[in-house]
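Q: I'd like to ask some things about the structure below.
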Amino acid sequence: MLNLFYGCDEVYSFENKEEIFKTLDFDQFGQMKLDFINKCITYKIDRRKFIRLIDLIFWIESGFVMIHLGQLLQLIINLLQKVQIMESKGIEHNYLNTHRIWLQLTQNSQYPTLIYQFLYYTIHFTGYQCPFYENQIKPSMKASHQINQIIIFIINRCYNSIHLKWTNLQKRNEIFEEILQPIINLCKSNSTSFEIITFIKEILMKYKYQDDQKNKMVQSLTIDDNYNDYFGSDRQELIPKINKDLTSMIEFGSQYGQIVIEFLLQNYIPIITQHLSSKSKIKFDYMMKCQEQHNIVKKRESKLKQQINELVQYQIKDNLQEYEKNYKFEITQQEMKQLEKDIVDQVFQSKFVQYFNNTYWLHSNNPDIDDAIFAIISKNIIEPVSEKIEILFMYKILLLIDDLI
0 MLNLFYGCDE VYSFENKEEI FKTLDFDQFG QMKLDFINKC ITYKIDRRKF IRLIDLIFWI
60 ESGFVMIHLG QLLQLIINLL QKVQIMESKG IEHNYLNTHR IWLQLTQNSQ YPTLIYQFLY
120 YTIHFTGYQC PFYENQIKPS MKASHQINQI IIFIINRCYN SIHLKWTNLQ KRNEIFEEIL
180 QPIINLCKSN STSFEIITFI KEILMKYKYQ DDQKNKMVQS LTIDDNYNDY FGSDRQELIP
240 KINKDLTSMI EFGSQYGQIV IEFLLQNYIP IITQHLSSKS KIKFDYMMKC QEQHNIVKKR
300 ESKLKQQINE LVQYQIKDNL QEYEKNYKFE ITQQEMKQLE KDIVDQVFQS KFVQYFNNTY
360 WLHSNNPDID DAIFAIISKN IIEPVSEKIE ILFMYKILLL IDDLI
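Take 0 as the starting number for the sequence shown in numbering that gives the first Met the number 0 and just add one per residue.
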């Protein structure tokens, strides 16, 4: 088992209360807290039990976690079946991606690690009604279509890191053309989930997929590598040392939050993998990396606060002009400053800003992330400004009434 354990929170907006109740009844996941006033849902996720799909893909692609081709094909079936069941119940998910898919490990499952493990899990989705705020031009898409794109992504990212019983490149290419390319073609042609699942099940049968813990047949095909990277292997012996490094890294990063932890893991997991074969000692400068990333986050927050403050000042001025047509109250400079501060603080605690703290994947290789955050805030700034100004004027009216009494 790898010590990739830390708690994380995810916040998603929703629009329809009745639909979200129906969704959550179908897809119970982690500890959930619904906020009906602000129309958002917060998930508290224990990473000992849950694995985000994009993380698993990254671990496999990096060569950090070992997985059989048979396990990969079974994962694809499980994803397709989840969407089938969801849509059969009249539930829609038009904003599905690899960030919003989670694997919940069952009690009899092992945890992905440097060697092959038995993996048993259920699939869960988040963000059912929540647009992609990081990329607002990305159109919504039915889950039954989007899952096909996700499957293509999984295959393209993971296949080259999967070990078969042959190391010969030509043989690997032949296997790809026989098994994976047809799946890609079916996905590209928007074939039904039933058609894709049927094809994969035929492959599993042809290559005698085995899932036998008693005989230590780790969810594999006859073409999978069933000899290397098991218990007693060199990689297995390195697990305690790597766990020690991961624990130190996560504990140090936790003081800066989950975004920094994930930043560290994305940076250092490929480095760890590169040193596995040589068993050479790795010098981690994660303390400096933590501080650098923390400074980036703080600089972003400072810039964003300044931008929001300027936007709030403009909106306040615009709103006050309307109120002053009917009321002649004096707004002191101190009241104005407090009003601005309250609104900016409220915006920073809003579901829109919290959404961008869900995962570092939203920030990774996304140079437009700052613009995306400001754009979604700009679209939703009018309501908090109007509410705060209304409260201020109601307060002044009550003071006036009190004075008259």
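Note that CB positions come from ideal geometry on N, CA and C, so glycine has one too.
Quick check on residue 35: buried or exposed, where buried means 16 or more other Cβ atoms within 10 Å of its Cβ?
A: It is exposed - the Cβ of residue 35 has fewer than 16 other Cβ atoms within 10 Å.
Q: Restricting to Cα atoms, I'd like to know which of 232, 211, 145 and 360 is closest to residue 55.
A: That would be 360, whose Cα lies nearest to the Cα of residue 55.
Q: Rounded to whole angstroms, what's the CA-CA distance from residue 316 to residue 16? Just pull it up for me.
A: The straight-line gap from Cα to Cα measures roughly 34 Å.
Q: Rounded to the nearest angstrom, what separates residue 32 and residue 352 at their Cα positions?
A: Cα to Cα, the separation comes out at about 17 Å.
Q: In chain order, what residues of the same chain lie with their CB nearer than 8 Å to the CB of residue 139, ignoring the 5 residues before and after it?
A: Cβ neighbours of residue 139 beyond the five flanking positions: 93, 94 and 130.
Q: Does residue 144 pass the burial test, meaning 16 or more other C-beta atoms within 10 Å, or should it be called exposed?
A: With fewer than 16 other Cβ atoms within 10 Å, it is exposed.
Q: To which residues does DSSP link residue 163 through a beta bridge?
A: Its beta-bridge partners are 223.
Q: From what residue to what residue does the alpha helix (DSSP H) around residue 358 run?
A: That residue, residue 358, is in no alpha helix (DSSP H); it is neither H nor E in DSSP.
Q: Classify residue 104 as helix, strand or coil using the three-state DSSP reduction.
A: Strand at residue 104.
Q: Would residue 375 and residue 135 be called neighbours here (beta carbons separated by less than 9 Å)?
A: For residue 375 and residue 135, yes; Cβs fall inside 9 Å.
Q: Examine the Cβ distances between the segment 331-340 and the segment 223-243 and report whether three or more of them are shorter than 8 Å.
A: These segments do not touch.
Q: Do you know how far the Cα of residue 268 is from the Cα of residue 58?
A: Cα to Cα, the separation comes out at about 8 Å.
Q: Closest to residue 165 by CA distance: which of 225, 20 and 62 is it?
A: The candidate whose alpha carbon is nearest that of residue 165 is 225.
Q: Cβ of residue 409 within 9 Å of Cβ of residue 182?
A: Nothing can be reported for residue 409: it is not among the residues displayed for the chain, which extend from 0 to 404.
Q: Let's test the definition: count the other Cβ atoms within 10 Å of the Cβ of residue 125 and tell me whether it reaches 16, buried, or not, exposed.
A: Buried is the call here.
Q: Give every residue of the same chain whose Cβ lies closer than 6 Å to the Cβ of residue 221, excluding the five residues on either side of it in the sequence, and list them in chain order.
A: Cβ within range, chain order: 206 and 207.
Q: Taking C-beta to C-beta, are residue 78 and residue 150 nearer than 9 Å?
A: Yes, Cβ-Cβ distance for residue 78 and residue 150 is below 9 Å.
Q: From residue 47 to residue 4, what does the alpha carbon distance come to, in whole angstroms?
A: When rounded, the distance between both Cα atoms is 5 Å.
Q: Do residue 368 and residue 355 have their C-beta atoms within less than 9 Å of each other?
A: Cβ atoms of residue 368 and residue 355: closer than 9 Å.
Q: Would residue 113 be called buried (16 or more neighbouring beta carbons within 10 Å of its own) or exposed?
A: Buried, since its Cβ has 16 or more Cβ neighbours within 10 Å.
Q: Using the rule of at least 16 other Cβ atoms within 10 Å of the residue's Cβ for burial, across every protein chain shown, is residue 350 buried or exposed?
A: Residue 350 is buried by the Cβ-count criterion.
Q: Would you mind sorting residue 147 into buried or exposed? The rule is 16 or more other CB atoms within 10 Å of its CB.
A: Result: buried.
Q: Just tell me which of 371, 118 and 60 has its CA closest to the CA of residue 106.
A: For residue 106, the nearest C-alpha among the options comes from 118.
Q: Taking C-beta to C-beta, are residue 42 and residue 25 nearer than 9 Å?
A: Against a cut-off of 9 Å, the Cβ pair of residue 25 and residue 42 comes out as no contact.
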